[in-house]
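Presented below is the structure to which this report refers.
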Amino acid sequence: MILFGDYHTHTKYSRKNHGKGTVLENASVAQNKGLKQIAITDHGFNHWMFGIKHKDIPQLKEDILNAKEITGVDILLGVESNLTSGDGDIDIVEDDYEFLDILLMGFHNLVKMKSAHDLFYINWANGLSVFSPSKERIARNTTAFLKALDKYPIDVITHLNYGYPTDTLAVAKMAKEKGTFVELNGKRINFTDRELEIMASEGVKFIVNSDAHSPDRVGECNNALNLIFRLGIPVNQVVNIDKLPKFENKRGII
Ligand SMILES: [Zn+2]
Ligand SMILES: [Zn+2]
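Here it is in structure tokens:
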């Protein structure tokens with residue numbers, strides 16, 4: 007099993023020293039580890055603390071061109087967008103599609119939400135809750151993700167269920183329908199073995215990503231790779247092992 011690309015890496019564009027490295031540093035590590043392609047996917051625009059700014063996009067484009075030329079690693083420009091409402095809104099607008107090679111989406115806290123109601127029922131309910139999730143909360147979380155998958159051309163759902171419990175199988179099935187890949191995150195897996203086995207048998211496509219916040223972590227996905235091996239998940243359902251992925255969600259030009 008050879009990892010061809012890592013499609014979830016952060017840089018200094020995730021502000022306040024949240025992401026540690028530069029685009030070139032991430033690409034250099036990728037080059038040394040034999041990766042052919044990476045994506046730079048800093049936190050989305052509505053993240054109060056770490057979100058990338060729209061005004062940084064031109065410089066990011068330039069950094070990517072430069073790093074591609076120096077390292078020979080292909081680099082996609084992406085964003086790890088945030089869910090901003092229970093109605094499945096995310097912090098991306100159609101004008102953003104033009105510069106996005108790849109679009110990730112995950113749940114994060116400390117995000118500017120669409121309304122006070124969303125802040126309370128989506129962020130606070132999940133972020134502050136010390137209790138095991140109620141059926142209502144899981145249903146609400148699931149609905150928001152299903153709607154987001156329906157509304158936006160999302161390529162990858164990141165760290166599903168991390169701090170945001172959903173009906174995993176319902177989300178995964180919708181992802182399959184929409185050509186969206188379910189991430190097996192290099193730092194955290196929030197699925198049971200059984201859930202993963204069912205997703206695999208349903209034909210869900212997975213992508214293995216590091217979620218690196220520092221260059222040395224780029225391409226570090228051993229826990230996800232071990233899981234694939236241990237559960238016997240068919241490698242042909244993991245889009246970036248032994249091959250480069252084809253992202254099916256087209257933005258912009260139709
Ligand atoms: Zn982060
Ligand atoms: Zn991330």
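Numbering-wise (this note's numbering), the sequence shown opens with residue 7 and increments by one.
We put the beta carbon where it would ideally sit given N, CA and C, even for glycine.
Remember, predicted model here, so these are calculated numbers, not experimental data.
- Taking C-beta atoms under 8 Å as the contact rule, G50 and S87 qualify, at a distance of about 4 Å.
- Under the 8 Å Cβ criterion, the stretch 70-87 counts as touching the stretch 35-46, having at least three qualifying pairs.
- When C-alpha distances from A181 are compared across I213, N191 and R200, the shortest belongs to I213.
- Residue N38 holds the alpha-carbon nearest to the alpha-carbon of P221 among L109, N38, E68 and I8.
- Distance between I108 and Q65, taken at the CA atoms: about 17 Å.
- With contacts defined by Cβ atoms closer than 7 Å, K120 and D95 form a contacting pair.
- Relative to ligand 2, E86 has its C-beta within less than 6 Å of a heavy atom.
- Measuring C-alpha to C-alpha distances from A176 to each of T164, E201 and E189 identifies E201 as the nearest.
- Boundaries of the alpha helix (DSSP H) harbouring S207: D199 to S207, taken from the DSSP string.
- When the beta-carbon positions are compared, N215 and V117 stay at least 7 Å from each other.
- With contacts defined as CB atoms closer than 7 Å, F187 and V241 fail to qualify as a contacting pair.
- Going by beta carbons, P171 and I195 fall outside the 7 Å limit.
- In the DSSP assignment, Q37 falls within the unbroken alpha helix (DSSP H) covering V29 to N38.
- The beta carbon of D217 sits closer than 6 Å to at least one heavy atom of ligand 2.
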